[in-house]
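Colleague: Below you will find the structure I want to go over with you.
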Amino acid sequence: MIASPPLLNAAHISRYFGEGAERFCALDDISLTLKQGQFISIVGPSGCGKSTLMQMLGGLTQPTQGDITIDGERIDGPQPNKIGIVFQDALLLPWKTALENIEFPLHLNKDGTKSDFRARAQEALDLVGLSDVGHRYPHELSGGMRQRIAIARGLIRNPKLLLMDEPFGALDEQTRTRMWGELLSIHARSGTSIIFITHSLLEAIYLADDVMVMAAKPGRIIETIQIDLPRPREVHMIGSDYVGSLRNHIWDLIAGPTAR
Amino acid sequence: MKLNFLTFGDRGAARLWRAAIIIALFSLWEMAGRYHFLDNDILPPLSRIFDMMLRLINDRHFRYDAWITLNECLITFAIVVPVGLVTGFILGENQRLHRHLGPIFQLAMTTPKSIFLPVFILLFGIGIVEKIIFASVLTYFIIVPTGIAAVQSLSPSLLMMARSFGATKTDIYLRLYIPACLPLIISAIRLGLIFSMHGIIFAEMYASSEGIGRSILAWGESFDMVRLFAAVALVMIITISLNETLTWLEHISRRQRLEY
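Listed in order, the protein sequences are those of chains A and B.
So in my numbering, spot 80 of the first sequence is number 80, and the numbers just go up one at a time.
So my numbering is basically just the index in the second sequence, starting at one, shifted up by 260.
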């Protein structure tokens, strides 16, 4: 089988902050490739530059060195057509309803009619399982619901790539576990590539095809691990020996005696 | 339980209590007037005051004075609110300017502008121009901090989110800033109205050839208490109605934007 060309390619990305004596390296020589439909998790300790990496992948900031390309084209700014981003804090607009929030990227792009936008927003809302709350405001919704609306918004333009920055960080464990199921089902149905950043080792392992483990100071990738779990994933897999040993291995890489 | 109404426990009950207190006070006032508990010349009975209010509304001279004052207030308002808000927006957005000019505005705000009225009269004489300039300066330094607060109420993360979905500068101003700042903009309008009126009437009372403020001063000095109370009551009705309407608008716009 011929391997399909990569969707996203980051080649030797580095990011420095500050000038002169205060210059420090936030990210050092990071490379990654992402195929269409692939789900990659990035896990690492606090301060390893995960969020900075995500902002560069999303075109919100530029790398100091190196290039990132999507579909072969260099990313030099936000890519609203191809990339959707789900942020850590949902970041919904408080004065808009759920449906209006989901439609927001469509209004920015302006190609379509209002009723067209509304129909598409409702579809996205259905996709995340919140069909009935379209007319509620963010303050009337729970944290999990807000994140799902943020996911619907990220998907509204059918991007090729969805970037997710610790989207489930603020949720309690049970809501989080349910959200894993929702996200995996969305991934299976839509075929969107996903890069998912998280603190949680188990979350990284459970969701992804590949896990990239990062270290801090400077931010760099220590190891990329392929996850040999079948899809569709099931929650009980988390309790398996395979997952347990993977988790231990990643833990050792990040924080164990051999960690640098 | 029923005892709720004694402790203001219920909003309907609170309203009844307020109405009852006001009616009781008004009745006492009326009786004091009718049965001469107080000198009628110092505190005229309510019925005479209501009567005079109606007569004033129908009086050509009073209407002319009211028209002058109203025009002055509207002109002040129309100049100061946009200029003040724009100043506030610029200062709120620009860190450097804010640091340099902020303290000047602070000083100007904390100084009672009323004490400068004699200076304004020396510079600009007495007349429409002087009154408008005085009221404008007074109101300007109230509007600017409101404008600054309005701009700063929009979190930078929401800006980043909008950028990631392809928002242009225009999009950011029209779709983010204005809706986000709407409650504070309404607040600025309300304060603009209140302080414009305050400044104009104050200047008229101090030294003017026409306007409501001058009439009120003249009636006070000639102990025409009935006309004095009547005019004051009419002004109060107008300012209270305007204030309540705008507060209600502000309240509605805030309700949609509850933070979460």
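Beta carbons are placed, not taken as given, at the ideal position from N, Cα and C, and that holds for glycine.
Should methionine 261 of chain B be flagged as near chain A, meaning a C-beta pair shorter than 8 Å?
Modeller: Counted from its first residue, the second sequence places residue 261 of chain B at position 1. Because methionine 261 of chain B sits at a pLDDT of 49, beneath the cut-off of 50, its placement in the model cannot be relied upon, and the point is left open.
Colleague: Closer than 7 Å by beta-carbon distance: list the chain A residues that pair up with alanine 410 of chain B, in chain order.
Modeller: Counted from its first residue, the second sequence places residue 410 of chain B at position 150. Chain A residues near alanine 410 of chain B: none, gap ~14 Å exceeds 7 Å.
Colleague: Tell me where the alpha helix (DSSP H) around cysteine 441 of chain B begins and ends.
Modeller: Along the second sequence, one-based indexing puts residue 441 of chain B at 181. First-last of the alpha helix (DSSP H) with cysteine 441 of chain B: 438–466.
Colleague: Which bits of chain A does arginine 474 of chain B rub up against, with CB to CB less than 9 Å?
Modeller: Taking the second sequence and counting its residues from 1, one reaches residue 474 of chain B at position 214. Correct list: empty, because the minimum Cβ distance to chain A is about 45 Å.
Colleague: Between A/Asp89, A/Asp76 and A/Asp209, which lies nearest to glycine 37 of chain A when the distance is taken from Cα to Cα?
Modeller: Taking the first sequence and counting its residues from 1, one reaches residue 37 of chain A at position 37. Per the Cα distances, A/Asp209.
Colleague: So, helix, strand or coil for isoleucine 472 of chain B, using DSSP?
Modeller: What you label residue 472 of chain B is simply residue 212 of the second sequence in a count that begins at 1. It is helical.
Colleague: Could you give the first and the last residue of the continuous alpha helix (DSSP H) run that contains histidine 358 of chain B?
Modeller: In the second sequence, counting from the first residue as 1, residue 358 of chain B sits at position 98. 355–370 is the extent of the alpha helix (DSSP H) around histidine 358 of chain B.
Colleague: Which residue marks the beginning of the alpha helix (DSSP H) containing methionine 496 of chain B, and which one marks its end?
Modeller: Taking the first residue of the second sequence as 1, we reach residue 496 of chain B at position 236. Taken as a continuous stretch (DSSP letters only), the alpha helix (DSSP H) holding methionine 496 of chain B covers 485–515.
Colleague: How about aspartate 89 of chain A: is its C-beta nearer than 8 Å to some C-beta of chain B?
Modeller: Start at 1 with the first residue of the first sequence, and residue 89 of chain A comes out as number 89. It does; some Cβ of chain B falls within 8 Å.
Colleague: Can you tell which of A/His139, A/Met179 and A/Glu103 has the C-alpha that lies nearest to the C-alpha of isoleucine 156 of chain A?
Modeller: One-based indexing of the first sequence puts residue 156 of chain A at position 156. Ranking the options by Cα distance to isoleucine 156 of chain A, first place goes to A/Glu103.
Colleague: Quick check on DSSP: helix, strand or coil for serine 374 of chain B?
Modeller: For the purposes of this step, residue 374 of chain B is taken as residue 114 along the second sequence, with counting starting at 1. Helix at serine 374 of chain B.
Colleague: If I follow the unbroken beta strand (DSSP E) through phenylalanine 17 of chain A, where does it start and stop?
Modeller: Start at 1 with the first residue of the first sequence, and residue 17 of chain A comes out as number 17. Segment 8–17, the beta strand (DSSP E) holding phenylalanine 17 of chain A.
Colleague: Using three-state DSSP, classify threonine 430 of chain B as helix, strand or coil.
Modeller: Residue numbering aside, residue 430 of chain B sits at position 170 when the second sequence is read from its first letter. Correct three-state label for threonine 430 of chain B: helix.
Colleague: For isoleucine 85 of chain A, which residues in chain B fall below 7 Å Cβ to Cβ?
Modeller: As a working note, residue 85 of chain A is residue 85 in the first sequence. The contacting residues are Ser424.
Colleague: Counting contacts by CB-CB distance shorter than 8 Å, is leucine 418 of chain B in contact with chain C?
Modeller: In the displayed structure, chain C is absent; the protein chains listed are A and B.
Colleague: Assuming valine 411 of chain B and glycine 344 of chain B are in contact, meaning their beta carbons sit under 8 Å apart, how far apart are those beta carbons, in whole angstroms?
Modeller: On the second sequence, residue 411 of chain B is found 151 positions in, with the first residue counted as 1. On the second sequence, residue 344 of chain B is found 84 positions in, with the first residue counted as 1. Rounded, the Cβ-Cβ distance is 13 Å, inconsistent with contact.
Colleague: In angstroms with no decimal places, state the Cα-to-Cα distance between methionine 313 of chain B and alanine 448 of chain B.
Modeller: Residue 313 of chain B sits at position 53 when you count from the first residue of the second sequence. Residue 448 of chain B sits at position 188 when you count from the first residue of the second sequence. Spanning the two alpha carbons is a distance of roughly 31 Å.
Colleague: With DSSP as the reference, please indicate the residues paired to methionine 214 of chain A in a beta bridge.
Modeller: On the first sequence, position 214 is the one that residue 214 of chain A refers to. BP columns for methionine 214 of chain A point to A/Ile221.
Colleague: Taking the beta carbon of glutamine 174 of chain A as the centre, do at least 16 other beta carbons fall within 10 Å, making it buried, or is it exposed?
Modeller: Translated into the one-based positions of the first sequence, residue 174 of chain A becomes position 174. Under this definition glutamine 174 of chain A is an exposed residue.
Colleague: Given a threshold of 16 other Cβ atoms within 10 Å of its Cβ, counted over all protein chains shown, does tryptophan 251 of chain A qualify as buried or as exposed?
Modeller: Counted from its first residue, the first sequence places residue 251 of chain A at position 251. Answer is exposed; the Cβ neighbour count stays below 16.
Colleague: In chain order, what residues of the same chain have a beta carbon less than 6 Å from the beta carbon of glycine 59 of chain A, not counting five sequence neighbours either side?
Modeller: Start at 1 with the first residue of the first sequence, and residue 59 of chain A comes out as number 59. Counting only Cβ-Cβ distances below 6 Å, and skipping sequence neighbours, we find Ile75, Gly77, Pro78 and Gln79.
Colleague: With the cut-off set at 8 Å, would you say isoleucine 13 of chain A and isoleucine 40 of chain A are in Cβ contact?
Modeller: Sequence index remark: in the first sequence, residue 13 of chain A carries index 13 (1-based). Sequence index remark: in the first sequence, residue 40 of chain A carries index 40 (1-based). Their beta carbons are not under 8 Å apart, which means isoleucine 13 of chain A does not touch isoleucine 40 of chain A by this criterion.
Colleague: Please list, in chain order, the residues of the stretch 37–66 of chain A that have any C-beta partner in chain B closer than 7 Å.
Modeller: The stretch 37–66 of chain A vs chain B, Cβ under 7 Å: Gly58 and Leu60.
Colleague: Report yes or no: is there a C-beta of chain B within less than 8 Å of the C-beta of leucine 93 of chain A?
Modeller: Along the first sequence, one-based indexing puts residue 93 of chain A at 93. With 8 Å as the cut-off, leucine 93 of chain A counts as an interface residue toward chain B.
Colleague: Could you say which of A/Met54, A/Leu183 and A/Ala150 lies nearest to glycine 191 of chain A if we only look at CA atoms?
Modeller: For the purposes of this step, residue 191 of chain A is identified with residue 191 of the first sequence, where counting begins at 1. Nearest of A/Met54, A/Leu183 and A/Ala150 to glycine 191 of chain A, Cα basis: A/Leu183.
Colleague: Taking the C-alpha atoms as reference points, what is the distance between lysine 96 of chain A and tyrosine 137 of chain A?
Modeller: Here the question's residue 96 of chain A lines up with position 96 in the first sequence. Here the question's residue 137 of chain A lines up with position 137 in the first sequence. C-alpha separation (whole angstroms): 6 Å.
Colleague: Please name the residue in A/Ala11, A/Met164, A/Ala152 and A/Leu162 whose C-alpha comes closest to that of valine 128 of chain A.
Modeller: As a working mapping, residue 128 of chain A is identified with position 128 in the first sequence. The shortest C-alpha separation from valine 128 of chain A is found at A/Ala152.
Colleague: Which residues in the same chain have their Cβ closer than 7 Å to the Cβ of glutamate 223 of chain A, if we skip the five residues on either side of it in sequence?
Modeller: In the first sequence, the residue the question calls residue 223 of chain A occupies position 223. Taken in chain order, the residues that qualify are Val213 and Leu253.
Colleague: Quick one: does phenylalanine 196 of chain A have its CB under 8 Å from some CB of chain B?
Modeller: Looking up residue 196 of chain A in the first sequence gives position 196. It does not; no Cβ of chain B falls within 8 Å.
Colleague: Look up serine 193 of chain A in the DSSP assignment and give the residues it is bridged to.
Modeller: Your numbering for residue 193 of chain A matches position 193 in the first sequence. DSSP output for serine 193 of chain A lists A/Leu161 as bridge partner(s).
Colleague: So, helix, strand or coil for serine 396 of chain B, using DSSP?
Modeller: Locating residue 396 of chain B in the second sequence gives position 136, where the first residue counts as 1. It is helical.
Colleague: Which chain A residues are close to methionine 312 of chain B, counting only those with a beta carbon under 8 Å from its beta carbon?
Modeller: Translated into positions along the second sequence, residue 312 of chain B becomes position 52. Within 8 Å Cβ-Cβ: nothing; methionine 312 of chain B doesn't reach chain A, min ~47 Å.
Colleague: Quick one: Cα of leucine 419 of chain B to Cα of leucine 436 of chain B, how far?
Modeller: Stepping through the second sequence from its first residue, residue 419 of chain B is reached at position 159. Stepping through the second sequence from its first residue, residue 436 of chain B is reached at position 176. Between leucine 419 of chain B and leucine 436 of chain B, the C-alpha separation is close to 8 Å.
Colleague: Cβ of proline 167 of chain A less than 8 Å from any chain B Cβ?
Modeller: The residue given as residue 167 of chain A occupies position 167 in the first sequence. For proline 167 of chain A, the answer is no, since every Cβ of chain B falls outside 8 Å of its Cβ.
Colleague: Mind pulling the beta strand (DSSP E) runs of 3 or more residues that sit fully within the stretch 64–134 of chain A?
Modeller: Listed in chain order, they are 65–70 and 83–86.
Colleague: Should the stretch 495–505 of chain B be called in touch with the stretch 448–468 of chain B, which here means at least 3 C-beta pairs below 8 Å?
Modeller: The stretch 495–505 of chain B, when compared against the stretch 448–468 of chain B, does touch it at the 8 Å Cβ threshold.
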